[in-house]
Amino acid sequence: MSTFNDPDLFLLEKCLKGNRESLEELILNFQNKIFTLSHQFLWNVEDAEDATQEILVKIITKLSSFRRESKLSTWIYRVSVNHLIDFKKSKQEEKNLKFNYIQQEILNNQNYTNQHGLDVNLYEPIVRTSCTYAMLLCLNRSYRIAFILGSIFNLKSDEAAWILEIPAETYRKRLSRSKNRMNQFMKSNCGLVLESNSCRCANRIDYAVGRGSLQPLLKMSQELHNSKEWKIAEEVLENSEEILEMEKVFRTNPKYPFRKNWIHELKEMIESKNNIIFETKMN
């Protein structure tokens, strides 16, 4: 990788010298990003939380092995991605979703009645997020992670290739194929991407609520409802009569925070005589 300025190196140095406050700051800086990556990859809250916690433990225990061949954030993504690629199939992945199944579901369930009297401003972004996560699961793991890193996290190809430990050309081919497949499907079905398509997020609220598929995101969404993240998502839906780029639909999904109080667990791990957090000695 090319030369770079790393804003996290100073914090890293303090961590490696045994500064607990710096370690907590490092975890707080990255835990939500890791959870977002895990959640998009697995589309199951509980599995994503488990994966995030395991990744955080790996990062902490391997910090002293960081060779500064990349930015710390890039290395953290490599640790995260390696863990996720080997992680057990999530409950949603076990369903083996395919694009043709989602397409048929869209055709059969475009009936907006709002018979439950629900807050459309709250539920529309949840439906959109759920739908995009379902589409991601239609890609196999290697193409899915390439799409997430390139189209959602917007990483440059050299950085993403380093994270995946593959040649940059191989990564670019995977990203191109995954984007083409996703773009093809959304241009044929999604009303956010092409105005003439019949599918609208609001039209699917009743169906999704009836199936119970929104429940895992509902509580998290209610807590996030008044945040900046949510306002961005609402703006996309308000402009839904315009043609949007496929990638923008994914990038403007609400970013749900990691809900576990992992800092408390971290403190317990550090203080436990049965756990070695660093290879270097903590104060």
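If you count the sequence shown from 1, position 46 lands on 45 in numbering that gives the first Met the number 0, and the numbers rise without skipping.
Note that beta-carbon positions come from the ideal geometry of N, C-alpha and C, so glycine has one too.
Look up residue i in the DSSP assignment and say whether it is helix, strand or coil.
{"i": "CYS137", "result": "coil"}
{"i": "PRO124", "result": "helix"}
{"i": "LEU117", "result": "coil"}
{"i": "ASN4", "result": "coil"}
{"i": "LYS13", "result": "helix"}
{"i": "ASN18", "result": "coil"}
{"i": "ASN43", "result": "coil"}
{"i": "GLU267", "result": "helix"}
Using only alpha-carbon positions, find the residue among the options that is nearest to residue i.
{"i": "SER156", "options": "ASN139, LEU174, ARG143", "result": "LEU174"}
{"i": "ARG67", "options": "LEU41, LEU11, ALA232", "result": "LEU11"}
{"i": "TYR122", "options": "LEU223, PHE249, ASN4", "result": "LEU223"}
{"i": "GLN30", "options": "GLN102, ALA160, SER72, SER226", "result": "SER72"}
{"i": "SER79", "options": "ASN4, ILE58, MET185", "result": "ILE58"}
{"i": "LYS186", "options": "SER129, PHE98, ILE231, TRP261", "result": "PHE98"}
{"i": "TYR206", "options": "VAL248, MET181, SER129, LYS32", "result": "SER129"}
{"i": "GLN103", "options": "ASN188, HIS82, GLU48", "result": "ASN188"}
{"i": "ASN107", "options": "ASN202, ASN120, HIS263, GLU23", "result": "ASN202"}
{"i": "ASP258", "options": "GLU45, GLU23, LEU22, ASN18", "result": "The sequence given here has Arg at residue 258, not Asp. Comparing Cα positions, the closest option is GLU45."}
{"i": "GLY17", "options": "ARG180, ALA167, THR60", "result": "THR60"}
{"i": "ASN120", "options": "ILE262, ALA232, TRP261", "result": "ALA232"}
{"i": "ASN81", "options": "GLU93, LYS94, GLU53, ASN95", "result": "GLU53"}
{"i": "ALA145", "options": "LEU15, LYS32, LEU36", "result": "LEU36"}
{"i": "THR251", "options": "LYS230, GLU24, TRP261, GLY209", "result": "LYS230"}
{"i": "SER212", "options": "GLU168, GLU267, GLN91", "result": "GLN91"}
{"i": "PHE285", "options": "VAL235, LYS32, GLN214", "result": "Since the first residue of the chain shown is 0 and the last is 282, residue 285 is not available in this structure."}
{"i": "THR131", "options": "GLU234, LYS172, MET181", "result": "MET181"}
{"i": "LEU138", "options": "ALA167, GLU164, PHE184, PRO166", "result": "PHE184"}
Residue i and residue j look like a contact to me (Cβ under 8 Å); what is the Cβ gap, rounded to whole Å?
{"i": "ARG143", "j": "LEU135", "result": "5 Å"}
{"i": "ARG77", "j": "ILE162", "result": "5 Å"}
{"i": "ILE105", "j": "CYS198", "result": "5 Å"}
{"i": "PHE65", "j": "THR51", "result": "That pair is no contact at about 19 Å."}
{"i": "LEU41", "j": "SER89", "result": "4 Å"}
{"i": "LYS70", "j": "ASP118", "result": "About 41 Å separates the two Cβ atoms, so there is no contact after all."}
{"i": "MET219", "j": "TYR255", "result": "5 Å"}
{"i": "LEU265", "j": "ILE26", "result": "6 Å"}
{"i": "ILE84", "j": "ARG140", "result": "6 Å"}
{"i": "LEU96", "j": "ALA47", "result": "Between ALA47 and LEU96 the Cβ distance is about 17 Å, and since that is not below 8 Å, they are no contact."}
Taking the beta carbon of residue i as the centre, do at least 16 other beta carbons fall within 10 Å, making it buried, or is it exposed?
{"i": "HIS38", "result": "buried"}
{"i": "LYS247", "result": "exposed"}
{"i": "THR279", "result": "Legend: pLDDT at THR279 = 45, less than 50; position of this residue unreliable, no value from coordinates given."}
{"i": "SER177", "result": "buried"}
{"i": "PRO253", "result": "buried"}
{"i": "PHE249", "result": "buried"}
{"i": "LEU154", "result": "buried"}
{"i": "SER195", "result": "exposed"}
{"i": "ILE147", "result": "buried"}
{"i": "LYS63", "result": "Just to set this straight, residue 63 is Ser in the shown sequence, not Lys. Exposed is the call here."}
{"i": "TYR100", "result": "exposed"}
{"i": "SER150", "result": "buried"}
{"i": "ASN43", "result": "buried"}
{"i": "GLY116", "result": "exposed"}
{"i": "LEU8", "result": "exposed"}
{"i": "GLU158", "result": "buried"}
{"i": "GLY190", "result": "buried"}
{"i": "HIS263", "result": "exposed"}
- Message: Quick check on the DSSP output: what are the complete alpha helix (DSSP H) runs of length 4 or more inside the region 45-102, in order along the chain?
- Response: 71-85
- Task: Go through the region 210-264 residue by residue and report every complete run of the beta strand (DSSP E) that reaches 3 residues or more, in order.
- Result: Runs found: none.
- Item | Ranges of the alpha helix (DSSP H) found wholly within the region 135-209, counting only runs of at least 4 | 140-146, 156-163, 167-188
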